[in-house]
Amino acid sequence: MTNPKLSVVFSSYNGASRRLRHTLDSLLCQELSHDQWELIAVDNNSNDGTFDLLKSYSDKLPITILQHHTPGKSGALNLALDRVKGDLIVFTDDDVRAEPNWLQAIVDCAVAHPGYGVFGGRIVPDWEKEPRDPFIEWIPMGSTFAIVDETQSGPCDPTKVWGPNTIIRRELLGTSIRYREDIGPLPGKIFAMGEDAEIIIRLAANGVKSYRCAEAVVHHWIPASSVTEDWVQKRGERLGYGMPALFPDEVPEGVRLSGVPLPTWIESAQWAFRAAMLYLLPQSKTRFWAIWKYYYMRGYRAGIRRYAPGTLAR
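1 is the number of the first residue of the sequence shown in the UniProt record's numbering; add one for each residue after it.
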């Protein structure tokens, strides 16, 4: 294969123990012929059968298998970027199920809209267990589950393009624009969310426009263990932790205590007080968001110390 139209890229950490086979099987069913695309899959320091599972598809898919022994999704994706050949790079995850026309829809969309450099496909939830708790209606589905269930195609805000269905023209990345390896999923500890958003934000700052391609659909697996108030609220801590890395200019100015701006401490205290007052009360949207904001601010404070210490000099 010398000149594929698409390079599909994902990293997998212990995917064989989860949904990787479903992802690969959905790629087998793509309507776009194999000579039009390639798959670059990175085994990111797995300790299950991920590598062997990927190898078992070598005679079924146009796949290149890489191994990245340093834990971290961003580093694994950077390794893949050094090998891509396609004009369009399609970033996804190892727990999606792609519609059969997914790749063909991406090609059609990119050809029809040459003035756009970033495309975001539709991401719909694939629930292990259909949620019935009312709190599911209160949460931001994008930052919580990477769900973007918009059915209308058209120009979109770059912050609405999410990781499991992100497409970038390869010419825009060149050899210099890569994922920041200090953010993104790491096993066994809190990590800063937003590695996918950060690279899109950088491109947007350089004038690259984004387009939503609603015809390109993947289903994103959401295990039942993630559909609880406690899990979602604590995910807010990861989101907050990454915000100073993505938006350092939005870190408040002023006097700092223990490396954190005084206005951030005041806002944190306000949400901690509300969460404490509402914690023992019955479930409600107000109670949910008070606790969510408490965790978000806790992550945000840690993120300032980690990613934005230099903003003190502003």
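Glycine residues also receive a C-beta, built at the ideal position from the N, C-alpha and C atoms.
Would you tell me roughly how many angstroms separate the C-alpha atoms of residue i and residue j, rounded to the nearest one?
i, j, result
"residue 303", "residue 240", "7 angstroms"
"residue 7", "residue 267", "44 angstroms"
"residue 52", "residue 189", "27 angstroms"
"residue 295", "residue 237", "5 angstroms"
"residue 74", "residue 276", "36 angstroms"
"residue 257", "residue 180", "28 angstroms"
"residue 55", "residue 80", "16 angstroms"
"residue 230", "residue 287", "12 angstroms"
"residue 308", "residue 140", "25 angstroms"
"residue 201", "residue 31", "31 angstroms"
"residue 42", "residue 14", "11 angstroms"
"residue 262", "residue 185", "29 angstroms"
"residue 169", "residue 4", "13 angstroms"
"residue 206", "residue 278", "44 angstroms"
"residue 251", "residue 204", "20 angstroms"
"residue 82", "residue 138", "40 angstroms"
"residue 44", "residue 72", "7 angstroms"
"residue 365", "residue 154", "Outside the displayed span of the chain (1 to 314) sits residue 365, for which this structure offers no information."
"residue 84", "residue 57", "19 angstroms"
"residue 112", "residue 160", "20 angstroms"
"residue 265", "residue 274", "14 angstroms"
"residue 178", "residue 281", "46 angstroms"
"residue 175", "residue 199", "14 angstroms"
"residue 157", "residue 115", "15 angstroms"
Is the beta carbon of residue i sitting closer than 8 angstroms to the one on residue j?
i, j, result
"residue 20", "residue 12", "yes"
"residue 210", "residue 120", "yes"
"residue 196", "residue 163", "yes"
"residue 98", "residue 215", "no"
"residue 49", "residue 16", "yes"
"residue 10", "residue 94", "yes"
"residue 96", "residue 220", "yes"
"residue 61", "residue 103", "no"
"residue 165", "residue 227", "no"
"residue 242", "residue 183", "yes"
"residue 144", "residue 235", "yes"
"residue 290", "residue 245", "no"
"residue 147", "residue 167", "no"
"residue 172", "residue 254", "no"
"residue 222", "residue 292", "no"
"residue 283", "residue 135", "yes"
"residue 224", "residue 129", "yes"
"residue 70", "residue 38", "no"
Can you tell me which of the three DSSP states residue i falls into?
i, result
"residue 8", "strand"
"residue 153", "coil"
"residue 177", "coil"
"residue 309", "helix"
"residue 293", "helix"
"residue 18", "coil"
"residue 255", "coil"
"residue 1", "The predicted position of residue 1 is uncertain, since its pLDDT is 43 and thus under 50; a value taken from the coordinates is nonetheless stated next. Note: residue 1 maps to coil in three-state DSSP."
"residue 107", "helix"
"residue 314", "Its pLDDT being 38, under 50, residue 314 is placed unreliably in this model, and the coordinates cannot settle the point."
"residue 52", "helix"
"residue 230", "helix"
Which residues share a DSSP beta bridge with residue i?
i, result
"residue 114", "Bridge partners of residue 114: none, in fact."
"residue 67", "43"
"residue 166", "91, 120"
"residue 219", "97, 124"
"residue 282", "Answer by DSSP bridge pairing: none, since residue 282 is not bridged."
"residue 37", "6"
"residue 211", "119, 155"
"residue 260", "257"
"residue 148", "123"
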